[in-house]
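S.K.:
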Amino acid sequence: MGSQLTEPAVIKGDFEASLQADFYLDQIKDDKLREKFTSTTIAIPLREEGEEVVIDTANDLPEDSNELCLLLSNEECPAEYWMLVSQAYANLGKITEATAVIEEALKTPHLANSSLNDVSELKCFAAWLHILKADLFDDSKVFELANTEIKDSMKTNKSANNDCNILAEAVLSLTSKQNKGKRTKFEKESRNFDILLQNNPRNCLALLGKGKLYLYRQNYLAALKVFQKVLQLNPLLRPDPRIGIGLCYWFLDRKDLANQAWQNSIQVNPEKNLEAKILISIAKFDDCFLNSTSDENFKAKYVEAMSFAKASYKEDPNNQVIHIILASYYYSRGDVETVKAICDKIINNTNVTNFIKSEALFWMARCKLLTGDVLQAQKMFSDSIKLNDNNSLARVGYSQCLVLRGELNDAIRALEKVQELNSRILEVTYALGMLYSKIEKFKKKAITYLEKYVKLADDQNEAVSISALITLSSLYQESDLSKSLEYIMKAKDEELMSGKTEEEVSAILFNNLGVFSLLENHVGDAEEYFRKALKNVESQNSKEPLITDALKITLNYNVARAEESTNDPVKIKDAMDIYNKIIERCPHYVSAKIRWLTIACLSEDRNVNEEVQRLLEAESDDLEVRSFYGWYIKKFGSKHGLVTDKKDSESEHHRETLTKYTSHDCYALISMANIYCTLAREVKDQQKKDAYYVRAAQLYQKVLNLDPKNAYAAQGIAIIFAEKKQNGLALEIFRKVRDSLNDITVYLNLGHCLLDLKQFTKAIENYELALTRFTDGNDARLLNYFARAWLLRGLSEKNIDCFKKAFEYADRSFKLNPIPAYKFNLTYIEFQLADFIKKLPPNKRTMEDLEKSIKGLENAIVVLNDMAADSKVHPPYPTEDLKLRASMGNTLLKQLEKSLEEQKSHEQGFESRLREAKKIKQEEDRLKEEARLKQEEERKQAEAKLIAERKALEQQQQEWNLLRLEEEKDMKDQLEKSPEPKEKKKRGRKKKDVNDESDAPAAKKKKVHQKDSKLSREFIDDSDEDAEYSEALNDDYDDGGDIEEAEAQNSDSDDDETEKLKRTKSKIIDDEDEDEDGHDGSIENGTPHRSENVKEANHADVGDGDDDGLF
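For the sequence shown, the positions run 13 to 1123 when the working numbering is used.
#1: When the Cα of K289 is compared with those of K145, I255 and D307, which residue comes out closest?
#2: Output yes or no for whether 9 Å exceeds the beta carbon distance between P253 and L220.
#3: With DSSP run on the structure shown, which of helix, strand or coil describes V66?
#4: With respect to the alpha helix (DSSP H) encompassing I368, which residues constitute its N-terminal and C-terminal limits?
#5: Look at the alpha carbon of F836 and the alpha carbon of D823, and state the distance between them as a whole number of angstroms.
#6: Hey, I611 and E576: beta-carbon distance below 9 Å or not?
#7: Would Q2 and V695 qualify as a contact pair, given that the criterion is a beta-carbon distance under 9 Å?
#8: Identify, in the order they occur along the chain, each residue of the same chain with its Cβ nearer than 8 Å to the Cβ of Q431, setting aside the five sequence neighbours on each side.
#9: Note the first and the last residue of the continuous alpha helix (DSSP H) segment covering N182.
#10: In the DSSP assignment, what residue or residues form a beta bridge with P57?
#11: Can you give the Cα-Cα distance for L908 and A833, rounded to whole angstroms?
#12: Beta-carbon within less than 6 Å of F198's beta-carbon, same chain only, minus the 5 sequence neighbours each way: which residues are those?
#13: Quick check: the Cα distance between L876 and I732, rounded to an integer number of angstroms?
#14: Mark K283 as exposed unless 16 or more other C-beta atoms lie within 10 angstroms of its C-beta, in which case mark it buried.
#15: What are the start and end residues of the alpha helix (DSSP H) that includes N790?
#16: Using only alpha-carbon positions, find the residue among P90, A100 and S883 that is nearest to T53.
#17: What is the DSSP secondary structure of L217, counted as helix, strand or coil?
#18: Identify whether K963 lies in helix, strand or coil by the three-state DSSP scheme.
#19: Hey, could you find the ends of the alpha helix (DSSP H) L487 is sitting in?
#20: Alpha carbon to alpha carbon, how far is T111 from A55?
#21: Looking only at its own chain, which residues have a Cβ that is under 8 Å from the Cβ of I565, when we skip the five neighbours before and after it?
#22: Could I get the ranges of all uninterrupted alpha helix (DSSP H) runs contained in the region 565 to 612, with 4 residues as the minimum, in chain order?
#23: Got a sec, what are the start and stop residues for the alpha helix (DSSP H) R407 sits in?
#24: Counting pairs of beta carbons, one from the region 580 to 588 and one from the region 543 to 556, are three or more of them closer than 8 Å?
#25: For K714, which option in C260, A680, W802 and L852 has the closest C-alpha, if you only look at C-alpha atoms?
#26: Just to confirm my understanding: we take L529, look at its own chain, exclude 5 residues before and 5 after, and list those with CB closer than 7 Å. What are they?
#27: Suppose the cutoff is 8 Å on Cβ atoms and the five residues either side in sequence are ignored; what does the same chain contact list for K916 look like?
#28: Distance check for G806 and H534, CA to CA, integer angstroms please.
#29: What's the C-alpha gap between L614 and A572?
#30: Relative to the C-alpha of T839, which candidate in T560, P887 and T669 has its C-alpha closest?
#31: By Cβ distance below 7 Å, which residues in the same chain neighbour L269 in space, the five residues on each side in sequence not counted?
#32: Please report the straight-line C-alpha distance between S435 and L427, rounded to a whole angstrom.
#33: If I follow the unbroken alpha helix (DSSP H) through S491, where does it start and stop?
#34: Within 10 angstroms of the Cβ of N330, are there 16 or more other Cβ atoms? Answer buried if so, exposed if not.
#35: Are the region 893 to 912 and the region 930 to 939 touching, with three or more C-beta to C-beta distances below 8 Å?
#36: Does S825 have its Cβ less than 9 Å from a Cβ in chain B?
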């Protein structure tokens, strides 16, 4: 990306001077070209030869261009000099005078009648002047003039200066009002620049235009490469490509490099480079607002940024961009009048661009909003948006006015438009989330936008608004308490990260943390948060004692609620003391009074009948008190002597609440429905049972109509489905209720329903969750449910271990609460276990099981008889039924005793058969072991034999190797002998023929013997096949025996054969030495070939350790 930009290599240290314009000028070798950049004079030639008029464009240029026009006309100067004069006026900012010079040139007779090329150039130059004027003053008429001049220039001479006209047309389109500030594709302009670059790839102005197009299209990397290429081609070009490089780096979030590029631009062009200075000033403000680490650091950066802005203002007091910067400065100081004066001056200026006017209207609107004129501010914000549709700040201000006027939906639409332009603006995302949270139907959108805001803030390392986090917490309160707790905890962390201590964190925030922690059963954390809130409230509200006292009472109540939730007797007592103090301070604090009475009933078992009656009389219209009274009648009415028939009393109380006070009390409706469900279970008449269930379902449904999220009502309907044996529907509702209601009854009902569906494992899991989450593990009722589940599982799966588990849970339940019902359950399990064991086949039971069952059944019979005889005990069944069951137990006992005898004989016979089988098994094992040992011994002997044979073969192979080495040595000695006279060589050749004929059969025989060696072939073929090694080895050893036998038969002729071989070799050597035509090479080539064969044979011998059949 930056490889083409050579400047950064010379930015640091002593090389900063190289960024001056003189450095680049020194690199230009052509004097005339260098003079174009440095000269400030114009030499106008006169008619007289050798004479010219030199004009200093910096000092001697007349205010009125007519004098120079007259001179140029009289001297009939070429078009080139007219354009130089016009350019001099344009460089001084005198666009009107520059245009007048070109217009006068076109009227001059000698130029008008000259070549079409000169006229075309002049018209093109006039077009460029109109473009410059239109860009400076934003005048649409001038744009039209420029367009006309370009067309005239093209018509005048279609072949000449075509590139200049194309470039002017493209630039005119880019700077026109129609395209300014709009996101178009610029297809026509892009084609024009492409044509120019095809004609000349080094056309810097076309490259600048191409880079500008990439910048408009937000393709910043491509634009950066183009600007860097322009910088390489012409470092002194104006407009400066460093400005574009800086803008690309800025949008690529490399603001440090952007700032450096603009500083480089100022170093190269210190004069008339206001654009770079303004951009550096804006960069300083950006760094000040985003990267300040402290107040002092912010102050220092702000002063530095303002110093840059003031310097730019001194250079050009009429620059509107600097005016906008100054307006923002005075607005931050609260100097509204100065801001209005600056903005009025910009708005009333007809030559100001719409973009600048939009900014001025924005600051004017902010001033109006600050003074309270909302309508006028809204109008100005709207006008600002019309001038610049992409002015996001104006849209935000417009939506703010709509919010102040209560038009929330319109404000949301305005902010959504900003969100479409830039979805990562923190403030807009936050505002949208907060606005959505105020409208009930947009709660989900509020959560989405606020969560997006929190994520964006974290990604950008920005502080998160506490209000956003608290709003998120409240939005999740009804659906997900864990999320509520998470966001309220993040709010506390943000407070601490902002530099506050825990003593400075809001007491209300700590209180909310405690409430959500308590609802999530984090009791210890909740109590800690409440106490911190209680500690902070005194220091934070010391100036308002009434508010402080009210907050302290509420926080003390919350502390007491947290302490009583710990189930610690000591803390529960402390909670009662706190409630007493609250009641003494505020006698009408009904919630504290109800909590005190509840603890007194449950923990201390007090008779609080009188206190409850007094509370009901004092607060008879309080629905919370009436609900508590209904609960008290149900739980303690009979025990405390309040009522005789608690069902009727409870139903009458709730009926009175519904008829006299309100028919929409959900607690009273649910209580009445529960009573109808209880009556339906107890009544035996099916018609009445169905009627009660229907009435209960109607009441539950009414509650759901009032409160669709009431989990207790939904659970009631699920219970009715379960009672009607519609377990699938019931289970579905129970599971949904479980997600919203964290109560023991949900898990118990799930367990009951799953038990009816014979899903014993899942039922036991739900009972286990209820036992561990909501009790200390010693709840007799829950343990009794476990016993029933394990008993039903044992009966279903025919598993004796399940019966034992059921008896363990029933025994624990009875020990915790020794009531007759649990006692009867123990006898019932014993009966079921005895009957189950009796029915088991002998091979699936033991004498021990039968003996234990008999003993347990005997105890059960005794218990049943005792329960039937004791009139004080209130068993769950009549006495006659108990006696009948005891009689059945006696019969079952006799059957068990008979089964015990059968089991005894079965086990005795089984033991004898088992002993005999063991003996047979031991004998078989002994025989197998003997056979295994015999096979092991035979294998070892075979291995020893193979090892011995292998050693013998290896020894023989070594002897053969030594023999071959001796032969090779003899052959070498023969070759090294000096040659004999030629005559002898000839005679030797004759002998050779004879000997060859006699020796040929022997040689042939030897070759055949080598080829037919089975031992060598098998060893070579099988050398890499380990899986067949042992089999091949045995075959080779057999062949080796045959070879030894053959060698024994031929041992007498070995010496003769060796001698004969030596003679034959010597003859061959002699014959070859006699060859005068250079046949020594064949001998030398043949001998190494044989040597290689010997080496290969040696290699095979060493690798395989056996004869290779060569001898």
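Ideal Cβ placement from N, Cα and C applies to all residues, glycine included. This structure is a prediction, so every number in the text was calculated from the model and none was measured.
M.R.: Walking through what the data contain:
#1: I255
#2: yes
#3: strand
#4: N366 to L382
#5: 11 Å
#6: yes
#7: Beyond the ends of the chain as shown, which are 13 and 1123, falls residue 2; an answer cannot be given.
#8: I437, V440, T441 and L444
#9: Per the sequence shown, residue 182 should be read as Ala rather than Asn. Here the alpha helix (DSSP H) through A182 covers N174 to T187.
#10: E64
#11: 26 Å
#12: L225
#13: 35 Å
#14: Looking at the sequence provided, one finds Glu at residue 283 rather than Lys. So E283 ends up on the exposed side.
#15: Run containing N790: none; DSSP gives neither H nor E here.
#16: A100
#17: helix
#18: helix
#19: I478 to L487
#20: 20 Å
#21: I594, R597, C598 and Y601
#22: 581 to 597
#23: S404 to L416
#24: no
#25: A680
#26: Strictly speaking, residue 529 in this sequence is Ser, with Leu absent from that position. Result list for S529: L497, D537, A538 and Y541, in chain order.
#27: M859
#28: 38 Å
#29: 16 Å
#30: P887
#31: Y261
#32: 10 Å
#33: Run containing S491: none; DSSP gives neither H nor E here.
#34: exposed
#35: no
#36: Considering every chain present, this structure includes no chain B. It has just one protein chain.
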